[in-house]
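Each residue of the sequence shown is one higher than the one before, counting from 26 in the numbering used here. Virtual Cβ for every residue (Gly too), placed ideally from N, Cα, C. One structure is given below, encoded as structure tokens.
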Amino acid sequence: MKIKKILALFAIAISLTSCSDFLDVDPKTEIREDKMFNNESGYKEALIGSYMLMGTPTLYGRDMTVCMLDAMAGQYEMKSTNSYINAEKHRYDLLESSFSNMWLQQYKIIANVNALLGALEEKGKKVLHPTNYAIIKGEALGLRAFLHFDLLRLFGWGNLKADPSGLDRLTIPYVLRYHKSTTKQSTEAEVLELIHKDLKEADELLAYYDSYGPIAKRDDYELPNQDGFYSNRRNRFNYFAVRALEARVYMWEGKYQEALDIIKPTFIDEEPIRWVSADASINVEEKARDLSYTTEHIFNIDITSMYDALKAYTETYDIKSGFSMSQNDQYFYLTQANGELLYDIADGTGLSDYRYLRGLNKTDATAWLFLKFWESPESTSPGKNKMPLIRKPEMYYYAAECYNELGHTKKAIELINTVRMARGILYEKNLPETLSKEEIDAAIEKEWRKEYIGEGQMFFYYKRLGKPVPNATVSGDDLFVIPLPEKEVEIGGREDYGKTDIDKNN
């Protein structure tokens with residue numbers, strides 16, 4: 026790939042100062058006139074470039090996975106000097122620049138995806154092999170839905186099953202074209218409808234053309250892969266990622282049967298994504314351990330030197346400054362007492378749990394460190410530089426929740442136990458079939474907490490269900506609805522829907 030072309034394409038986006046400014050850019054710009062989309066490699070480079078931007082520390086390389094969102098979800102303990110202490114304390118007024126950067130960077134990627142989709146519509150069929158056209162378009166549509174949905178989960182309204190009034194309230198703009206005019210805000214219902222529309226089209230394209238797609242290929246089917254562009258589908262938005270995101274969106278809406286209708290045939294009956302092998306990935310020498318379980322990744326992104334942005338939050342080490350020496354104080358941790366409570370050590374349940382045995386550095390009882398993304402200097406781990414954005418256990422937890430809500434408690438317990446045994450928990454420690462609906466709900470939440478440390482999903486879990494965040498001192502909208510960036514209100518003409526009527530009048 027011609028990396029210079031990728032950087033040239035995205036230099037335009039990076040140089041702009043606000044989301045509104047970016048969406049106001051004249052479409053007759055370099056992004057459309059540099060002939061990037063006159064050949065096959067240009068489309069591929071544009072797509073890969075979008076994934077590259079997703080890996081920045083502002084987004085999925087740090088803040089929207091390991092750090093900011095998990096601090097907001099109470100997944101960690103930390104020192105008062107930690108740079109994410111305001112996130113843990115939900116002092117959102119002090120985090121305006123961080124949230125503004127998330128918004129800005131996410132919409133910049135969306136704009137580039139829209140430029141790609143516009144070029145596909147304009148001349149893609151004349152330039153691309155039919156399989157390339159279908160897969161690139163399917164990926165781009167799925168990626169557009171994914172990026173908007175995470176913005177919605179952060180800045181929009183949650184707990185829709187219990188409070189559907191959020192569907193009629195203004196939220197983010199859903200941007201469908203790379204164009205000059207500013208896109209108005211939509212209601213949550215309108216955004217969700219557009220997400221479903223993009224995913225439906227992506228599903229139809231990838232079900233046949235993607236190598237993961239379930240539709241039998243005709244004799245004339247070709248997958249041009251001489252350059253290895255399709256060699257690792259997990260690194261990009263593949264067919265299974267589309268199906269998983271469809272389920273994630275239905276769960277957000279509280280549509281349990283619809284979510285189950287996707288998850289059961291796609292991920293449970295056929296089980297195309299295999300569970301991690303302890304012998305191959307976990308109980309191996311330290312430098313080769315794969316503690317994010319890449320065989321279970323449905324969708325991940327490659328991030329060059331990913332650990333550089335995460336090291337301070339994972340390790341204790343000395344910092345030399347001139348003639349003085351200090352210790353890194355940014356690391357996240359669990360105390361021994363809280364760690365043993367989370368992993369059910371008192372009754373022996375967690376003693377065989379891979380997440381307890383290998384996922385924690387338990388050298389210091391006052392601060393157990395997290396090892397999911399820890400990287401040794403000589404690392405040969407398959408998980409090196411790979412950030413998971415969707416993994417298999419999420420589908421099982423959703424299905425368990427669906428069965429529980431639909432009155433099939435035994436099926437719910439069976440699925441929870443399936444994940445627990447895949448994590449090394451002994452059969453005799455299985456959850457009993459006699460658990461009540463409320464006990465199953467509590468068990469699912471605990472399994473989410475153990476499984477998804479460091480991946481940014483727990484805050485969205487609590488928001489989706491309106492559940493309290495552990496140790497949070499605020500609740501409701503004050504906890505879950507992130508205020509719009511100030512520039513979007515002042516310059517972009519957005520309505521700051523996060524404020525109450527009283528606030529607006531002051």
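The three-state reading of DSSP puts Ile478 in coil, since its state is none of H, G, I, E or B.
Counting along the chain, His322 sits inside the beta strand (DSSP E) bounded by residues 322 to 327. Going by C-alpha positions, Asn157 is about 11 Å away from Leu230.
About 5 Å separates the beta carbons of Ala165 and Val138, which is inside the 8 Å limit, making them a contact pair. Counted as a single uninterrupted DSSP element, the alpha helix (DSSP H) harbouring Ile438 occupies residues 434 to 447. The bridge partners DSSP lists for Arg416 are His322. Residue range 121 to 144 is occupied by the alpha helix (DSSP H) that includes Met127. Around the CB of Met350, fewer than 16 other CB atoms lie within 10 Å, so the residue is classed as exposed. Contact check between the region 505 to 514 and the region 119 to 137: three or more CB pairs, one atom from each, fall below 8 Å, which counts as touching. Between the region 365 to 385 and the region 403 to 419 there are fewer than three C-beta pairs closer than 8 Å, too few to call the two in contact. Comparing alpha carbon positions, the residue from Glu430, Glu419, Thr341, Glu480 closest to Lys387 is Thr341. Scanning its chain for C-beta atoms nearer than 7 Å, with the 5 sequence neighbours on each side dropped, one finds around Glu480 the residues Thr90, Pro413, in chain order.
Here Phe395 is bridged, per DSSP, to Leu385. Using a 10 angstroms sphere on the CB of Pro198, the tally of other CB atoms reaches 16 or more, which defines it as buried. Looking only at Ser330, Ile450, Asn442, the smallest Cα-Cα distance to Trp399 is reached by Ser330. Ranking Met420, Leu385, Tyr368, Phe171 by CA distance to the CA of Lys454 puts Tyr368 first. For a cut-off of 8 Å, the C-beta gap from Leu224 to Glu271 is around 5 Å, short enough to register as a contact.
Rounded to whole angstroms, Lys411 and Arg299 show a C-alpha spacing of 18 Å. Rounded to the nearest whole angstrom, the CA to CA distance from Asn184 to Asp502 is 10 Å. Rounded to the nearest angstrom, the gap between the Cα atoms of Pro495 and Gly99 is 6 Å.
Of the residues assessed, Asp304 falls on the exposed side of the cut-off, its CB having fewer than 16 other CB atoms within 10 angstroms. In the DSSP annotation of this structure, Ile160 is not part of any beta strand (DSSP E); the continuous alpha helix (DSSP H) holding it starts and ends at 155 to 180. DSSP, read as helix, strand or coil, puts Leu217 in helix. When DSSP states are grouped into helix, strand and coil, Lys148 belongs to the helix group. Annotation for Ile344: the continuous beta strand (DSSP E) segment containing it runs 343 to 346. By the neighbour-count criterion, in which 16 or more other beta carbons inside 10 Å mark a residue as buried, Phe348 falls on the exposed side. Using a C-beta cut-off of 8 Å, the region 261 to 271 makes no contact with the region 476 to 492, since fewer than three inter-stretch Cβ pairs fall below that distance.
Of all alpha-carbon atoms in Ala497, Leu359, Gly408, Lys417, the one lying nearest the alpha-carbon of Lys104 is that of Leu359. In this structure, DSSP gives Tyr68 a helical state, which the three-state scheme calls helix. Collapsing the DSSP output to three states places Gln251 in coil.
Looking only at Ala140, Lys151, Phe174, the smallest Cα-Cα distance to Trp128 is reached by Phe174. Under the three-state reduction of DSSP, Ser349 is assigned to strand.
In the structure shown, Glu340 adopts coil according to DSSP, grouped into three states.
Here the alpha carbon of Ala144 sits roughly 7 Å from the alpha carbon of Phe62. Exclusion of the five residues before and after Trp277 leaves Arg489 as the residues of its chain whose Cβ lies within less than 6 Å of its Cβ. Per DSSP, reduced to three states, the secondary structure at Glu310 is coil, with no helix or strand assignment.
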